[in-house]
């Protein structure tokens, strides 16, 4: 189940990391490559399935289901590689979403690309269901049910993104400028995200169990036994549901929902069919352990931790990587543009952080939470033999190697050995509880520490400073290869000026002039440098005013250029002209419905200097 969620999140990362180039055009060649690659993927998947059919015939139905579960994991990973090529090589979001729709609702480009990903998944599941029907793991008439089940396991991972992004874009279309301004503020965005996340946190289990095709377990002896265990362990729940995972042939159970009014207990038909009553009670006691220790709530904290770490440090790590190895890669992969390499590095860092965080940190807590739930079942029943027998049944029925662990569970043998030790020394269960509690406290301590450090870095502008350094280095490399591009030289001069590297800024601006540029913005930015530079060896307000006049001649209604000229007149003692052009700058800024605070303060300064109101 977990791989569907994580692969879907990986697909979302691939799509949201895509940045459209300014000169993109629809091409028949791109469509041809897209269709050819899709055909190649499905041919390879079909051959792969046929090759595996004869290997699974000797296994039990649950064993075959387990093997196909693993096979689909591998094929889904291959599909992700193809999908990465579609998105970043063929610009899939641009191919699928008309520009006017993307301008109206930006999230639609990502939505259409993800819809295409799920169309590919549907094809993959269709091929797999055909092969599974031939091994009688599902009936021929159950193929569509299997596909719907797989779709239901994957789609919930997109629910938070879909609600947050889609609702955000629709709210920004509302014809209320005051609301849009408040909504776009940092406070408005914080309130919005907290509200939506809280709603998703509470109501997601209700939606997910519908996606998964679950149905209530009918009244009877089995339901009565399950309810009795839940009552004895004081585990509140909304309902007990039959979970038709892999046609009901998977041997598993689950618990979903942090609060009892939104909590569901899930059991598969195979589990109900193959376990003895005491073994079923042990499994339910295990699931009750997750509720008792509030594991599901802590999983939300782990997710929140990933979001916080990403928000505070992802850009920072990305910029550090680009400033170091990234520049060497840019010189090595000279056929790639800086934008393409930056996108590739961004995806690499995001996916690497995602994999490391969930594979090791999340995996560590999952394994130990599972062991804690095992110990809880041992204490509830007063013996571990029923849960141990359940593990033996699971291993025999599914063909799993009992000595093989995975990232989110200890191996069956490890879990059995732990329970056998608890039988001999019940204090081990208490010691494990303390270990888990200590790990949780340590995690929360470092999360608070990292949040504080990340918040300080944001507040101190570290990421902005690194970003400017990154842009300067990238532009220096571009200018080195395209020495006569005046636009790049102007941008480089602007960045130097922001960092107060005045001599380098002057050099870049004058190289742009030598390259033939007579751009108003170049004149204006050079003028501002001469007028406001803090270095007396560079400052020359008279020369700056001369360039500002040339800029105003080209753009007589640009507020920022008029302001530069007014500042030049102010610093050269021409007070009346300063007031005149200060008023013009404020007038045109108001006319364009822009922010006027800066221009009002500038005019007030000029008026005070003139000695008038």
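In the numbering used here, the protein residues as written are 671 to 1283.
Cβ atoms here follow ideal geometry from the backbone N, Cα and C, with glycine treated the same way.
Straight-line Cα distance separating residue j from residue i
{"i": "residue 938", "j": "residue 870", "result": "25 angstroms"}
{"i": "residue 681", "j": "residue 1035", "result": "25 angstroms"}
{"i": "residue 1004", "j": "residue 717", "result": "Per-residue confidence for residue 1004 stands at a pLDDT of 48, beneath the threshold of 50, marking its modelled position as unreliable; no derived number is given."}
{"i": "residue 1092", "j": "residue 941", "result": "25 angstroms"}
{"i": "residue 848", "j": "residue 774", "result": "19 angstroms"}
{"i": "residue 945", "j": "residue 1104", "result": "32 angstroms"}
{"i": "residue 1269", "j": "residue 683", "result": "41 angstroms"}
{"i": "residue 962", "j": "residue 925", "result": "11 angstroms"}
{"i": "residue 1110", "j": "residue 943", "result": "37 angstroms"}
{"i": "residue 1283", "j": "residue 1277", "result": "Per-residue confidence for residue 1283 stands at a pLDDT of 46, beneath the threshold of 50, marking its modelled position as unreliable; the derived number appears in the next sentence. Cα to Cα, the separation comes out at about 6 angstroms."}
{"i": "residue 854", "j": "residue 778", "result": "19 angstroms"}
{"i": "residue 1246", "j": "residue 1262", "result": "25 angstroms"}
{"i": "residue 880", "j": "residue 822", "result": "8 angstroms"}
{"i": "residue 760", "j": "residue 884", "result": "39 angstroms"}
{"i": "residue 1258", "j": "residue 776", "result": "30 angstroms"}
{"i": "residue 1089", "j": "residue 1062", "result": "13 angstroms"}
{"i": "residue 676", "j": "residue 1016", "result": "18 angstroms"}
{"i": "residue 1189", "j": "residue 1221", "result": "8 angstroms"}
{"i": "residue 688", "j": "residue 1202", "result": "39 angstroms"}
{"i": "residue 915", "j": "residue 802", "result": "14 angstroms"}
{"i": "residue 1213", "j": "residue 1171", "result": "19 angstroms"}
{"i": "residue 757", "j": "residue 970", "result": "30 angstroms"}
{"i": "residue 708", "j": "residue 790", "result": "8 angstroms"}
{"i": "residue 719", "j": "residue 1113", "result": "43 angstroms"}
{"i": "residue 919", "j": "residue 788", "result": "24 angstroms"}
{"i": "residue 981", "j": "residue 1116", "result": "16 angstroms"}
{"i": "residue 1174", "j": "residue 1168", "result": "11 angstroms"}
{"i": "residue 1086", "j": "residue 1043", "result": "13 angstroms"}
{"i": "residue 685", "j": "residue 721", "result": "32 angstroms"}
{"i": "residue 841", "j": "residue 1275", "result": "40 angstroms"}
{"i": "residue 846", "j": "residue 764", "result": "30 angstroms"}
{"i": "residue 703", "j": "residue 696", "result": "13 angstroms"}
Residue(s) in a DSSP beta bridge with residue i
{"i": "residue 959", "result": "In the DSSP output, where bridge partners are listed per residue, residue 959 has none listed."}
{"i": "residue 935", "result": "910 and 925"}
{"i": "residue 1102", "result": "BP columns for residue 1102 are empty, so no partner."}
{"i": "residue 1076", "result": "1079"}
Presumed contact (8 angstroms Cβ cut-off) between residue i and residue j, rounded CB distance
{"i": "residue 1037", "j": "residue 1080", "result": "5 angstroms"}
{"i": "residue 932", "j": "residue 875", "result": "5 angstroms"}
{"i": "residue 1120", "j": "residue 979", "result": "6 angstroms"}
{"i": "residue 983", "j": "residue 1124", "result": "6 angstroms"}
{"i": "residue 908", "j": "residue 927", "result": "7 angstroms"}
{"i": "residue 1233", "j": "residue 1209", "result": "That belief does not hold up - the Cβ atoms of residue 1233 and residue 1209 are roughly 18 angstroms apart, past 8 angstroms."}
{"i": "residue 1176", "j": "residue 1199", "result": "7 angstroms"}
{"i": "residue 766", "j": "residue 783", "result": "6 angstroms"}
{"i": "residue 1046", "j": "residue 1057", "result": "That belief does not hold up - the Cβ atoms of residue 1046 and residue 1057 are roughly 10 angstroms apart, past 8 angstroms."}
{"i": "residue 911", "j": "residue 947", "result": "Not really, about 19 angstroms apart at Cβ, beyond 8 angstroms."}
{"i": "residue 1055", "j": "residue 1102", "result": "Rounded, the Cβ-Cβ distance is 19 angstroms, inconsistent with contact."}
{"i": "residue 679", "j": "residue 827", "result": "5 angstroms"}
{"i": "residue 1239", "j": "residue 1228", "result": "Not really, about 16 angstroms apart at Cβ, beyond 8 angstroms."}
{"i": "residue 1051", "j": "residue 955", "result": "6 angstroms"}
{"i": "residue 1236", "j": "residue 1272", "result": "7 angstroms"}
{"i": "residue 1027", "j": "residue 968", "result": "Contact doesn't hold; Cβ gap of about 15 angstroms is too wide."}
{"i": "residue 1075", "j": "residue 1084", "result": "6 angstroms"}
Worksheet entry | Continuous alpha helix (DSSP H) assignments of at least 4 residues falling wholly in the segment 843-922 | Listed in chain order, the complete alpha helix (DSSP H) runs (minimum 4 residues) inside the segment 843-922 are 847-854, 856-881 and 891-902.
Discussion item. Under 8 angstroms, with one C-beta from each stretch per pair, do the segment 1152-1168 and the segment 1192-1210 reach the 3-pair mark?
Written reply: As far as the Cβ criterion goes, the segment 1152-1168 touches the segment 1192-1210, which means the pair count is three or higher.
Discussion item. Assess contact between the segment 737-750 and the segment 1072-1087, defined as three or more Cβ pairs (one per stretch) separated by less than 8 angstroms. Is contact present?
Written reply: The answer is no - the segment 1072-1087 does not touch the segment 737-750, with fewer than three Cβ pairs under 8 angstroms.
Item to complete: Decide yes or no for the touch test of the segment 842-862 against the segment 797-804: beta carbon pairs closer than 8 angstroms, at least 3 of them.
Response: Fewer than three Cβ pairs drawn from the segment 842-862 and the segment 797-804 lie within less than 8 angstroms of each other, which leaves the two stretches out of contact.
Practice prompt. Scan the segment 764-794 and note each continuous alpha helix (DSSP H) run of 4 residues or more that stays entirely inside, going in chain order.
Written response: Those alpha helix (DSSP H) runs which fall completely within the segment 764-794 and span 4+ residues are 769-774.
Fill in: Any 3 or more C-beta pairs closer than 8 angstroms across the segment 815-822 and the segment 779-798
Yes, the segment 815-822 touches the segment 779-798.
Item to complete: Kindly provide the ranges of any beta strand (DSSP E) runs that are 3 or more residues long and lie completely inside the segment 1163-1231, ordered along the chain.
Response: Here no run is fully enclosed.
Discussion item. Could you tell me which whole alpha helix (DSSP H) segments of length 4 or greater appear in the segment 815-841?
Written reply: As far as the segment 815-841 is concerned, its whole alpha helix (DSSP H) runs of at least 4 residues are 829-841.
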